[in-house]
Amino acid sequence: MKRIGLLGGSFNPAHGGHRRISLFALKTLGLDEVWWLVSPGNPLKPAAGMASLAARLASAMRQAKGTRIVPSQIERELGTRYTADTLRALQRRYPKHRFVWLMGSDNLAQLHRWRDWRRIARTMPIAVIARPGYDGPARASLAGAWLGRYRRSAASLNNRAGWSAPALITLRFDPDPRSATAIRRADPDWARRYAGHALRDPLTHHPVDSDIA
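For the sequence shown, counting from 1, position 211 maps to 237 in this note's numbering; every step adds exactly one.
Here you go:
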């Protein structure tokens, strides 16, 4: 039975910060792999300035090279748009895997805005990676306060019972200042480097349409 961390996001583009927190989670939580769920479209983010899914997946594949990080566009194949639906669909598709949802404390601070956020919390454990300036707002948020009753240590995942949900695991490590916003600002044409490349999804092994938005 594989132990899988799930990190969702736009990856617009993927960068070393994504890689670093994923490698940290792999080691700290004793995971077999971390899957990067490259979102077809984040309902909470504007579509303007969003590169194609193919370009974002290609950037994720480049960052993941040589690691146990597996980028994928599987949300597009599943036909899900919201995280709650994606997580349930993945559990149905991979019933022999154990999953933990990975997110930054900045996302925990706004988790209450996500559709069916309590269903997300009841689907699998959540491991929150601290980010500078967001710890206080995350703890004080509606979702942070609710999940605060279910705090566990990273070591709890060593036992089968530790994979029950709700569960909140806080991971702390040196902050990484890199951001996709800063990368886009410095290199607004970054996606053109990935145009026309033939891709195969590393998780599903299906060909990726280079023209998909």
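Quick reminder that beta carbons are idealized off the backbone N, C-alpha and C, glycines included.
So the candidates are the options; which of them puts its Cα closest to the Cα of residue i?
i	options	result
residue 34	185, 210, 196, 100	100
residue 129	197, 172, 93	197
residue 81	65, 92, 95, 93	65
residue 63	28, 102, 77	102
residue 143	56, 172, 159	172
residue 137	194, 189, 94	194
residue 229	145, 104, 162	104
residue 55	117, 176, 92, 180	180
Please classify residue i: does DSSP put it in a helix, a strand, or coil?
i	result
residue 198	coil
residue 48	helix
residue 105	coil
residue 153	strand
residue 56	coil
residue 42	helix
residue 76	coil
residue 145	helix
To which residues of the same chain is residue i closer than 8 Å at the C-beta, ignoring the five residues directly before and after it?
i	result
residue 210	38, 39, 75, 216
residue 122	27, 28
residue 187	none
Using C-beta distances below 6 Å, list every residue in its chain close to residue i, excluding the 5 sequence neighbours before and after it, in chain order.
i	result
residue 90	97
residue 43	202, 204
residue 233	226
residue 239	Note that residue 239 scores 47 on pLDDT, short of 50, meaning its location in the model is unreliable; the coordinates nonetheless yield the value given after this. Excluding residues within five positions, the ones whose Cβ falls inside 6 Å are 78.
What does DSSP give as the partner residues of residue i in its beta bridges?
i	result
residue 125	30
residue 178	195
residue 63	34, 98
residue 226	233
residue 130	155
Within the same chain, show all residues whose beta-carbon is closer than 7 Å to that of residue i, passing over the 5 residues directly before and after it, in chain order.
i	result
residue 141	108, 110
residue 134	154, 164, 167, 169, 170
residue 150	113, 125, 126, 127, 191
residue 86	37, 40, 62, 64, 97
With residue i and residue j assumed to form a contact (beta carbons below 8 Å), what rounded beta-carbon distance in angstroms separates them?
i	j	result
residue 84	residue 231	Not confirmed; about 16 Å, so no contact.
residue 31	residue 49	Rounded, the Cβ-Cβ distance is 11 Å, inconsistent with contact.
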